[in-house]
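Colleague: Numbering (this note's numbering), first residue to last: 1333 to 1470.
All C-beta atoms in this analysis are idealised placements derived from N, C-alpha and C, irrespective of residue type, glycine included.
Every value quoted in this text rests on a predicted model; they were computed, and no experiment measured them.
Could you have a look at this structure, given as C-alpha cells, before my questions?
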Amino acid sequence: SISVCPSSFTCKLNCHLGYRTDSNGCLLCECQSCPPMEQCNKNCPSGYLKDLFGCNICECSDQCPPFSCGLLCPADVGFAKSADDCPLCQCATAKSKPTEYTTSCQSDVHCPPGFRCLNDARNVPMCQAGIIYMIQSL
C-alpha cells in the first residue's frame, strides 16, 4: 500500500501523551490530550485518580478535592462535611449541649420565708410559694 504520510516527522513539541494524528493516521505536531472519560460510569464526589501524565483515570480518589471557601464560620462550629467527610462551603450546625445544672436546693439555693425550693422538669432549682398553715392556740 502507498503511504500518504511524510517519510520523516519533525516536531519541537515534547508531548508526554504522544502526538495527535490526522484522518489518515499521520502524525501532527500537536500534543495528544487526555483521553475522554465518557466511558467511565463511576460517580466520584472527591474526583478521579490521575495517571503519571495528570490525566483522569476511571478510579475514584479517596482524598478531598482542594477546599476553597469565602465563608467565615465560627471556630467552635467549623464547616459542614459531606457524606465522604470532605468540607462543604457551609457552616456546620452547632451541636447544642444540654445545660447541666449543678446547683441544688439543699446547698446552693436558699428561698425566702414562705417559699420552698423545688427542682423543675430540667432539674433547675427554683423557689415556689408554699402553703403555710397557721395554727393558733386558744
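1. Let me know the secondary structure DSSP gives Glu-1362 once reduced to three states.
2. Inspect the beta-carbon positions of Pro-1419 and Cys-1396 and report whether they are closer than 9 Å.
3. Do you know how far the Cα of Met-1369 is from the Cα of Ser-1339?
4. Quick one: complete beta strand (DSSP E) runs, 3+ long, within the segment 1348-1406?
5. Using the three-state DSSP reduction, which class does Arg-1454 fall into: helix, strand or coil?
6. Taking DSSP as the reference, what is the three-state secondary structure of Lys-1344?
7. Taking Cys-1421 as part of the beta strand (DSSP E), name the residues at either end of that continuous run.
8. Is the CB-CB distance between Leu-1474 and Ser-1393 below 9 Å?
9. Between the Cα of Leu-1345 and the Cα atoms of Asp-1354, Cys-1363, Cys-1337 and Val-1336, which residue gives the shortest distance?
10. Which residue comes first and which comes last in the beta strand (DSSP E) that contains Ala-1412?
11. Using the Cα positions of Ser-1378 and Asn-1388, report the straight-line distance between them to the nearest angstrom.
12. Do you know offhand how far Val-1456's Cα is from Cys-1390's?
13. On the premise that Cys-1361 lies in contact with Cys-1343, defined as a C-beta separation below 8 Å, what is that separation, rounded to the nearest angstrom?
Modeller: Let me lay it out:
1. Walking along the sequence shown from the start, residue 1362 turns up at place 30. Strand.
2. Taking the sequence shown and counting its residues from 1, one reaches residue 1419 at position 87. Taking the sequence shown and counting its residues from 1, one reaches residue 1396 at position 64. Contact: yes.
3. One-based indexing of the sequence shown puts residue 1339 at position 7. One-based indexing of the sequence shown puts residue 1369 at position 37. The straight-line gap from Cα to Cα measures roughly 34 Å.
4. If we require 3 residues or more, the beta strand (DSSP E) runs fully inside the segment 1348-1406 come out as 1351-1353, 1359-1363, 1380-1382 and 1388-1392.
5. As a working mapping, residue 1454 is identified with position 122 in the sequence shown. Of the three classes helix, strand and coil, the one that applies to Arg-1454 here is coil, per DSSP.
6. Counting from one through the sequence shown, the residue named residue 1344 turns up at place 12. Correct three-state label for Lys-1344: coil.
7. For the purposes of this step, residue 1421 is identified with residue 89 of the sequence shown, where counting begins at 1. Looking at the DSSP string, the run of the beta strand (DSSP E) that includes Cys-1421 is 1419-1423.
8. Outside the shown range of the chain, which is 1333 to 1470, sits residue 1474, and nothing can be said about it.
9. Numbered from its first residue, the sequence shown carries residue 1345 at position 13. Just measuring C-alpha positions, the residue of Asp-1354, Cys-1363, Cys-1337 and Val-1336 sitting nearest Leu-1345 is Cys-1363.
10. Taking the sequence shown and counting its residues from 1, one reaches residue 1412 at position 80. Unbroken beta strand (DSSP E) run through Ala-1412: 1411-1413.
11. The residue given as residue 1378 occupies position 46 in the sequence shown. The residue given as residue 1388 occupies position 56 in the sequence shown. If you take the alpha carbons of Ser-1378 and Asn-1388, they lie about 12 Å apart.
12. In the sequence shown, counting from the first residue as 1, residue 1456 sits at position 124. In the sequence shown, counting from the first residue as 1, residue 1390 sits at position 58. Pairing Val-1456 with Cys-1390, the inter-Cα distance amounts to about 59 Å.
13. One-based indexing of the sequence shown puts residue 1343 at position 11. One-based indexing of the sequence shown puts residue 1361 at position 29. Their Cβ separation, rounded to whole angstroms, is 4 Å, which keeps Cys-1343 and Cys-1361 in contact under 8 Å.
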